[in-house]
Amino acid sequence: MFIEGIVSSYRMNTKDFRSRVYAYYNQQGRDLPWRHQPTLYRVCVSEFMLQQTQVSRVINYFRAFTQKYPSFKALHQASLTEILTAWQGLGYNRRAKYLWETAHHIAAQPSGKQYTAEELVKLPGIGRGTAGAIIAYAYDLPAVFIETNIRTVFIHHFFTNQPNVSDAAILPLIEKTIDRNNPREWYWALMDYGTYLKQQGAHNRSSAHYSKQSKFKGSLRQVRGHILSYLLNMPTPVSMPHLCTALPYPKNNIQKALNHLVQEGLMSKNNKGQYCCV
DNA sequence: CTCCTGGGTA
DNA sequence: TACCCAGGAG
């Protein structure tokens, strides 16, 4: 059986494609901590951490986090402030809150419950991509999902020199090429091969979903991150004037960031107008 | 659909 | 500079 992109410059046999991906994986596949004992819990923690964050930065956080909180139960029994502290430096702190809330849902269900993708998507912080990854990695089931490294592999092999490649065009190829006998390892192999292709200069700029992120320096999220880390390391609630003196940002930006942080539930304001982590 | 969120590393 | 095993809100 042959597979091809809509206007791909060449065709590739399914078996040849798989062989190429597995050949790389068998030689250079990564030994990542979350690939050992890929339980639902360990897969969830790693997938949340890996959203928009590179593998090299996640590894040590994953080890420390799963050691301190070895189960959904242990995680949801901790306070959000504790979780944010363990998360400090990883960034995108909303993920920590989503993970904590997801742990609360899952810990309330019978242990060993097997989730469908539809059920997972309803949990906070889990979209279609993360749901598919969880099904594939935790249950070793052939879920069809796409993320940045998979995108790289399929664009490189099946949409060469083609602009504006949509995920909708790629997904059927993922579905056709998936190794149904070994979906977990197949996706590990795709990830590792995609990372390799990126190191070789491949990229996703021809993806229809490619977008450049806005600059971090001078942004509101720089202020947010700084405020959160400042307050996590402060023993008592802190007033707005205190923050304006302590942090090198315009008052307006500090107030705006605080409002967002409170609205998202990462922080609260007491009746004296002082702020602290929830 | 667009915009927002983080910070380290290559 | 670029970009990470994206998801939620508007």
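Per numbering that gives the first Met the number 0, the very first residue in the first sequence carries number 0; after that it's consecutive. Just so it is clear, CB atoms sit at the ideal spot from N, CA and C, and this is done for glycine as well.
- Under a 10 Å Cβ-count criterion, P240 is classified as exposed, with fewer than 16 other Cβ atoms of the shown protein chains found around its own Cβ.
- A contact between stretches requires three or more CB pairs, one per stretch, nearer than 8 Å, and the region 140-157 meets this requirement with the region 180-198.
- Between T235 and C275, the alpha-carbon positions lie close to 7 Å from each other.
- With fewer than 16 other Cβ atoms from the protein chains shown falling within 10 Å of its own Cβ, R179 counts as exposed.
- Look at the beta carbons and you see the region 119-136 not touching the region 161-175: under three pairs across the two are nearer than 8 Å.
- As summarised for the region 185-226, there are no continuous beta strand (DSSP E) elements at least 3 residues long confined to that stretch.
- Under the 8 Å Cβ criterion, the region 13-30 counts as touching the region 182-189, having at least three qualifying pairs.
- Note on geometry: alpha-carbon atoms of K271 and S238 lie some 8 Å from one another.
- Two segments are said to touch when three or more pairs of C-beta atoms, one from each, lie closer than 8 Å; by this definition the region 42-54 touches the region 90-103.
- Contact between I134 and A116 holds: their C-beta atoms lie close to 5 Å from each other, under 8 Å.
- Following the DSSP letters along the chain, one finds M266 inside the beta strand (DSSP E) bounded by residues M266 to K268.
- For the set L79, K268 and S110, the Cα lying nearest the Cα of Y97 is the one of L79.
- As DSSP reads the structure, Q27 sits in no beta bridge.
- The C-beta separation of F71 from A102 comes to about 4 Å, placing the pair in contact by the 8 Å criterion.
- Sequence-distant Cβ neighbours of R34 in its own chain, meaning closer than 7 Å and more than five residues away, are W187.
- Q273 is bridged by DSSP to S238.
- In the DSSP secondary-structure assignment, V164 is bridged to S206.
- The C-beta of H75 has 16 or more other C-beta atoms within 10 Å across all chains shown, which makes the residue buried.
- For the pair L230 and A256, the CB atoms are not nearer than the 8 Å cut-off.
- Taking 8 Å as the cut-off, the beta carbon of F16 is found closer than this to the beta carbon of T176.
- Under the 10 Å beta carbon count, D30 is surrounded by fewer than 16 other beta carbons and is classified as exposed.
- Out of W99, W86 and V57, the CA that lies nearest to the CA of A77 is found in W99.
- Annotation: the continuous alpha helix (DSSP H) that includes Q76 extends over F71 to Q76.
- Counting only the Cα atoms, Y68 lies some 37 Å from K250.
- In the structure shown, R179 adopts coil according to DSSP, grouped into three states.
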